[in-house]
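Under our numbering, the first residue of the sequence shown is numbered 65, with each subsequent residue one higher. Each residue gets a CB set at the ideal place from its N, CA and C atoms; glycine is no exception.
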Amino acid sequence: MDENVEKKIDSLRELLDQYSYEYYVLDRPSVPDSEYDRLLQELIHLEKENPEFITPDSPTQRIGGEPLKGFTKVQHRIPMMSLANAFNEQDLREFDRRVRQGAGDNVQYVCELKFDGLAVSLSYENGKFVLGATRGNGTIGEDITSNLKTIRSIPLKLKEPVTIEVRGEAYMPKRSFEALNKKREENGEEPFANPRNAAAGSLRQLDPKIAAERQLDIFLYGIGEFQGETIESHSQGLERIQALGLKTNPKWRRCESIEEVFAYIEEWTEKRPELPYEIDGIVIKVDNISQQQQLGTTAKSPRWSIAYKFPAEEVVTKLEGIEVSV
Ligand SMILES: CC(C)(CNC(=O)c1ccc(Oc2ccccc2)cc1)c1ccc2c(N)nc(N)nc2n1
Numbered sequence: 065m066d067e068n069v070e071k072k073i074d075s076l077r078e079l080l081d082q083y084s085y086e087y088y089v090l091d092r093p094s095v096p097d098s099e100y101d102r103l104l105q106e107l108i109h110l111e112k113e114n115p116e117f118i119t120p121d122s123p124t125q126r127i128g129g130e131p132l133k134g135f136t137k138v139q140h141r142i143p144m145m146s147l148a149n150a151f152n153e154q155d156l157r158e159f160d161r162r163v164r165q166g167a168g169d170n171v172q173y174v175c176e177l178k179f180d181g182l183a184v185s186l187s188y189e190n191g192k193f194v195l196g197a198t199r200g201n202g203t204i205g206e207d208i209t210s211n212l213k214t215i216r217s218i219p220l221k222l223k224e225p226v227t228i229e230v231r232g233e234a235y236m237p238k239r240s241f242e243a244l245n246k247k248r249e250e251n252g253e254e255p256f257a258n259p260r261n262a263a264a265g266s267l268r269q270l271d272p273k274i275a276a277e278r279q280l281d282i283f284l285y286g287i288g289e290f291q292g293e294t295i296e297s298h299s300q301g302l303e304r305i306q307a308l309g310l311k312t313n314p315k316w317r318r319c320e321s322i323e324e325v326f327a328y329i330e331e332w333t334e335k336r337p338e339l340p341y342e343i344d345g346i347v348i349k350v351d352n353i354s355q356q357q358q359l360g361t362t363a364k365s366p367r368w369s370i371a372y373k374f375p376a377e378e379v380v381t382k383l384e385g386i387e388v389s390v
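This is the structure we're talking about:
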């Protein structure tokens, strides 16, 4: 009897993981929600009757148990760095000149959208999600594993049993932000100023049930440690973590020159309002890893990457009838 139950539980988990991946990572569900819910209820029922088969990576374990008393500290083996800023074309040409000076003229860049959320690190051991942490001060962060487990686009099990630590940005989509603030105002609570604060506030909740209601999402954009595999370029790294079942943002692009970087910035300055999530700039990275190592880092940020920040949007406030722009 137990033999069949275990097989049934495993096949339900596999199916639910696949459906969850299609819905939350690919944004391309192959079954209606009702089918997913029916299978999940069946798995919950089977696990209740056979608790000895419950494993931490089961889809039923996403919303953990009791609220935490506090967050334990986590030391990042590889620091989580911040980005130097560029505000105009001249800053970017300066960056390009410095990169060519340090790594030679044959350099390619990768451009990515700069997500305006909370930088987090996800650790997987033999393909199982074991630790999620905030960036903190770059060296010491906080263990928010139970809250990150509630983000449906974070797989509890990778498509391969690798040991890897990846970095990315947890964020609140614009629609979730508007819905959350509407509810808060209806309940007489203080609305969040922006999706970034809302995401940070949600991940700082001690009760995972609250984080689970906040409909957060994530984009992974970097690899920290990767046991047994060497990555030659940043773009190859993005493709590899996507193949593992992790959610990356598809809008990244390889650029052969700083002129192509300008074109990418132009394109996304225009398209920014249509995006379903906030971005506050564009991140430019040298693609080749050995050139990254040649350029190295300062104490705070890599010399091979820079963030072009969009100009702060004009906020016009009416003060006693006169219009002022701040
Ligand atoms: C580039 C990096 C700063 C990540 N990289 C690192 O944190 C990092 C960490 C150790 C590094 O190298 C070291 C290795 C060992 C010791 C010291 C440094 C290099 C980069 C970054 C930061 C924020 C980003 C963001 N909001 N959006 C996108 N799209 N990309 C982003 N990329």
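Cα atoms of G134 and E206: separation of roughly 9 Å, rounded to the nearest angstrom.
Setting aside the 5 residues that flank it on each side, T333 is surrounded in the same chain by F374, each with a C-beta closer than 7 Å to its C-beta; the list follows chain order. From the listed residues E289, E323 and L267, the smallest Cα separation to I282 is found for L267.
Between K178 and I287, the gap from beta carbon to beta carbon reaches 8 Å or more.
Here the alpha carbon of G129 sits roughly 8 Å from the alpha carbon of P272. Relative to ligand 1, the nearest heavy atom lies less than 7 Å away from the CB of L177. At a cut-off of 4 residues, the continuous stretches assigned as alpha helix (DSSP H) that sit fully inside the stretch 164 to 235 are 209 to 212. By the criterion of at least three beta-carbon pairs nearer than 8 Å, the stretch 187 to 201 is in contact with the stretch 217 to 227.
Residue range D281 to F290 is occupied by the beta strand (DSSP E) that includes F290. Residues of the same chain with a CB within less than 6 Å of the CB of S187, apart from the 5 flanking positions on each side, are V194, L195 and E229 in chain order. In the three-state reduction of the DSSP assignment, I343 falls in the strand class. Per DSSP, the continuous beta strand (DSSP E) segment holding V138 begins and ends at K137 to Q139. Remark: fewer than three beta-carbon pairs, one from each stretch, lie closer than 8 Å, so the stretch 236 to 245 and the stretch 209 to 218 are not flagged as touching.
When the alpha-carbon of Q356 is set against those of R367, N211, T362 and V347, the nearest one is in R367. For Y372, the pairing in a beta bridge is given by DSSP as A150 and I346. Going by beta carbons, V174 and S75 fall outside the 8 Å limit. With contacts defined as CB atoms closer than 8 Å, A167 and V347 fail to qualify as a contacting pair. Counting only the Cα atoms, L182 lies some 9 Å from N261.
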